[in-house]
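K.L.:
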Amino acid sequence: MTTGAPVEDLLRELAPRVLGTLVRRHGQFDACEDAVQEALLSAALQWPKEGIPENPRAWLVSVASRRLVDEWRSQSARRRREETAGVLDLAGQSEPSDADDALTLLFLCCHPSLSAPSQLALTLRAVGGLTTAEIATAFLVPEATMAQRISRAKQSIKSSGLGFALPPDEERADRLRVVLQVLYLIFNEGYTTSAGPTLQRTDLTSEAIRLTRLLLQVLPEEGETAGLLALMLLTDARRAARTDADGSVVPLAEQQRDRWNAAQIVEGIALVTRTLGKRPVGPYQLQAAIAAVHDEAATAEATDWPQILAIYHVLEQVSPSPVVTLNRAVALAMVNGPRAGLALLGTLDGDERMQHTHRLESVRAHLLELAGETAAARESYQRAARRTASIPEQRYLALRAARLA
Amino acid sequence: MKYMLMMFGSQASMMEQQSPEWIREMIDFMHTLNSDLTRSGELVAAVGLTDGTQAKRVSLQNGIPVATDGPFAEAKESIVGYWMVDVESEARAIEIASRVVAFIGPVGAPPLEVRQVADAPPEV
Chain A
153 MTTGAPVEDL
163 LRELAPRVLG
173 TLVRRHGQFD
183 ACEDAVQEAL
193 LSAALQWPKE
203 GIPENPRAWL
213 VSVASRRLVD
223 EWRSQSARRR
233 REETAGVLDL
243 AGQSEPSDAD
253 DALTLLFLCC
263 HPSLSAPSQL
273 ALTLRAVGGL
283 TTAEIATAFL
293 VPEATMAQRI
303 SRAKQSIKSS
313 GLGFALPPDE
323 ERADRLRVVL
333 QVLYLIFNEG
343 YTTSAGPTLQ
353 RTDLTSEAIR
363 LTRLLLQVLP
373 EEGETAGLLA
383 LMLLTDARRA
393 ARTDADGSVV
403 PLAEQQRDRW
413 NAAQIVEGIA
423 LVTRTLGKRP
433 VGPYQLQAAI
443 AAVHDEAATA
453 EATDWPQILA
463 IYHVLEQVSP
473 SPVVTLNRAV
483 ALAMVNGPRA
493 GLALLGTLDG
503 DERMQHTHRL
513 ESVRAHLLEL
523 AGETAAARES
533 YQRAARRTAS
543 IPEQRYLALR
553 AARLA
Chain S
27 MKYMLMMFGS
37 QASMMEQQSP
47 EWIREMIDFM
57 HTLNSDLTRS
67 GELVAAVGLT
77 DGTQAKRVSL
87 QNGIPVATDG
97 PFAEAKESIV
107 GYWMVDVESE
117 ARAIEIASRV
127 VAFIGPVGAP
137 PLEVRQVADA
147 PPEV
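Which chain is which? The protein sequence lines are A and S, in order.
For the first sequence, this note's numbering gives the first residue as 153, with consecutive numbering after it.
For the second sequence, this note's numbering gives the first residue as 27, with consecutive numbering after it.
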C-alpha cells in the first residue's frame, strides 16, 4: 500500500479531495465513488509514462466527471437533463476548499448509521484511496467479501439519503468522536491483529496515521485529534521492538529501546506538549501522555510510574472503563507493589465487559508472578492463553506459564 | 487440487504440559512450515482457532435456536486449526501432514485429518 512511489502517494493524497468535490457538486456518493476509482486507475496507468499533469487535482476531477457524465448518458434522458441542470446550478456557486470536502467525506464515511466494519472499509477506500483488493488483503478477507461490504455501505448511504454536508454544530462533537474512533480502530487493527498468525499489519497502521494527519491539517484546533495522532505515533514508535525475529510478542519492559523510532517519539511528544493544558483534556490526549512517559524512559526501570499512575487517575475520571482500571492496576502495582494492583484488579472480577478478553487474566498473572505466587501465576497465564484470539499472544502466555512450572 | 489439513485437540492444553524449550521449538516449527508453504506457493490459508472453552453451541431448543456455553465434544475431537493447501497431489498433502504429525505426535496430539476440498468444475 505504501510503496513510496511518488505517483501513488500523490493519488492517495488527492483521492478524498477529488471525491469530495464530485459528491458536493453532483450528489450520488456511490456513482461518484466508482467514477473516482476509474479516474485514479487511469492516472496510475498514464502518469508514470506521460508525466504528472500540471494540475493533477483538476485532471482527476475532469476525468472522473467525464466518467460520471458517460454513466448518466447511458441512463434515461429525463434523468440526464435533471442532473445536468443540477450540475450547472452548482457550478456557479462559490467553491469551498477541497480540504473541507475531504473532511465532509470523512464524516460521511464514518456516519453512525453504518456498521463499524463498513465505516472502516469505506473510509479506507473513499478517503484513503485504497483499492478493494488492498483493503481485503489488509483485513485478510476475500476480495469478493470486501467488495460486497463496501457496496452495502454505499447502498446504505444512498438509501438513507445522507446529504454531503458537514454535520450541524450541535452534532459535530459527537460525530468527530466517531471519526476518531474509526481511525483508532484502523490503527489497532493494524497494530494488534485481532486474529491470525502475524502480530502486526503495518499497512493499516501507517494508513491510520496518514488519515489522522490529514484530519489534523483540516481541524488543527481539535485537541483530541492531535491527541490521537500523538497516541498513534508514540505507540507505533515501538513497532520494531515489539516482536522478535520469529514474530513473538516482546513485552514493553523487555523491549530493546534503541530500536524505537526516535523521530516519531519526538513528534508525538511535541504534539502532546502542545495540546495538554491548553484545551479541555480528552481520553486520547491522556493516553498519549501516558505513552509519552513510557517512551521518554531510557530503560524500563527509569519509567516514571507515579506520573503514569496520576494520569491514569485523571483518565479514569474523564473516561471510565474497565480497561482503564486494568491499566491503572498495573501502574498502582509498580508504585505501591503487586498486592495493591491485585486488590484493584479484584474489583473487575464480576465485570461483564471483561469476560471475553484475556487481558484481565494476563495482567493478574503478571502481578501474581511479581508477588512471588508462582503456582497461582501459572494457572492465571494458562487461563489467559485459552482466552486470547491472537496466536502470538497465546504462545507468549503459554511460554510464561511454562517458565513457572 | 486443494486439501484441508485439520488439526484436533487443544493447543492451549497441549502447551500447558510442555517445557518452554518445546514451546519455542513448536513456534519455530510452525513458522518454518508456514513460510516453506508460502514460498512453494502451496499455502492458501493457515488458521488457528481460539480455545474450545471459548466456543458456543447453537442448538434448537423447543423450536428456537439458542446459543449456549458447551457441552462440547471431547477435546481430542475438537478442531484447533487448519491449513488449506493447493498441491499437485494427495501424496503431497499427506507429506505436509506427516511433517506436522512427526512434530506434534510425540507429545500426544491427535492425528491430522486430510480432506480434499470440493472444487467447482473448471470453467470453459
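Each residue gets a CB set at the ideal place from its N, CA and C atoms; glycine is no exception.
Please tell me whether Asp62 of chain S has its Cβ less than 7 Å away from any Cβ of chain A.
P.N.:
no
K.L.:
Strictly under 7 Å for the Cβ-Cβ distance: is Gln534 of chain A near chain S by that measure?
P.N.:
yes
K.L.:
Assuming Arg130 of chain A is part of the alpha helix (DSSP H), what are its boundary residues?
P.N.:
Because chain A spans 153 through 557 in this model, residue 130 of chain A falls outside it and cannot be assessed.
K.L.:
Measure how close the beta-carbons of Ala278 of chain A and Cys262 of chain A come, nearest whole angstrom, since I'm counting them as under 8 Å.
P.N.:
Contact between Ala278 of chain A and Cys262 of chain A is absent: CB atoms are separated by about 10 Å, not below the 8 Å threshold.
K.L.:
Taking the C-alpha atoms as reference points, what is the distance between Val175 of chain A and Val515 of chain A?
P.N.:
48 Å
K.L.:
Where Arg327 of chain A and Leu162 of chain A are concerned, what is the direct C-alpha to C-alpha distance, given to the nearest angstrom?
P.N.:
28 Å
K.L.:
Quick one: which chain S residues come within Cβ less than 7 Å of Asp398 of chain A?
P.N.:
In chain order: Ile53, Asp54, His57.
K.L.:
Suppose you measure from the CA of Glu323 of chain A to the CA of Ile463 of chain A; what does that come to, to the nearest Å?
P.N.:
29 Å
K.L.:
With a cut-off of 7 Å, does the C-beta of Met110 of chain S fall near any C-beta of chain A?
P.N.:
no
K.L.:
Considering only C-alpha positions, which residue in the set A:Ala325, A:Pro269, A:Asp398 is nearest to Met52 of chain S?
P.N.:
A:Asp398
K.L.:
Could you name each continuous alpha helix (DSSP H) segment of 4 residues or more that falls completely within the segment 462-518 of chain A, going from the start of the chain to the end?
P.N.:
474-488, 490-498
K.L.:
At the 7 Å Cβ level, is Ile105 of chain S part of the contact set with chain A, yes or no?
P.N.:
no
K.L.:
Where in the segment 402-428 of chain A do unbroken runs of the alpha helix (DSSP H), each at least 4 residues long, occur, reported from the N-terminal end onward?
P.N.:
The segment 402-428 of chain A contains these whole alpha helix (DSSP H) runs: 414-427.
K.L.:
Considering only C-alpha positions, which residue in the set S:Ala93, S:Met27, S:Gly35 is nearest to Ser104 of chain S?
P.N.:
S:Gly35
K.L.:
Below 8 Å on C-beta distance, what does Ile49 of chain S contact in chain A?
P.N.:
Listed along chain A, the residues sitting closer than 8 Å to Ile49 of chain S by beta-carbon distance are Arg547, Ala550, Leu551, Ala554.
K.L.:
Against chain S, with Cβ distances strictly below 7 Å, would Arg538 of chain A count as a contact?
P.N.:
yes
K.L.:
Can you check whether the CB of Arg538 of chain A is closer than 7 Å to the CB of Leu556 of chain A?
P.N.:
no
K.L.:
I need the DSSP call for Gly172 of chain A, collapsed to helix, strand or coil.
P.N.:
helix
K.L.:
With a threshold of 7 Å between beta carbons, is Ala527 of chain A in contact with chain S?
P.N.:
no
K.L.:
What residues from chain A crowd round Thr94 of chain S, counting only those whose CB sits closer than 9 Å?
P.N.:
None at all; the shortest Cβ gap to chain A is about 15 Å.
K.L.:
If we count the other Cβ atoms within 10 Å of its Cβ and call it buried at 16 or more, is Lys306 of chain A buried or exposed?
P.N.:
buried
K.L.:
What first and last residue would you give for the alpha helix (DSSP H) that runs through Gly212 of chain S?
P.N.:
Since the first residue shown for chain S is 27 and the last is 150, residue 212 of chain S is missing from the structure and cannot be characterised.
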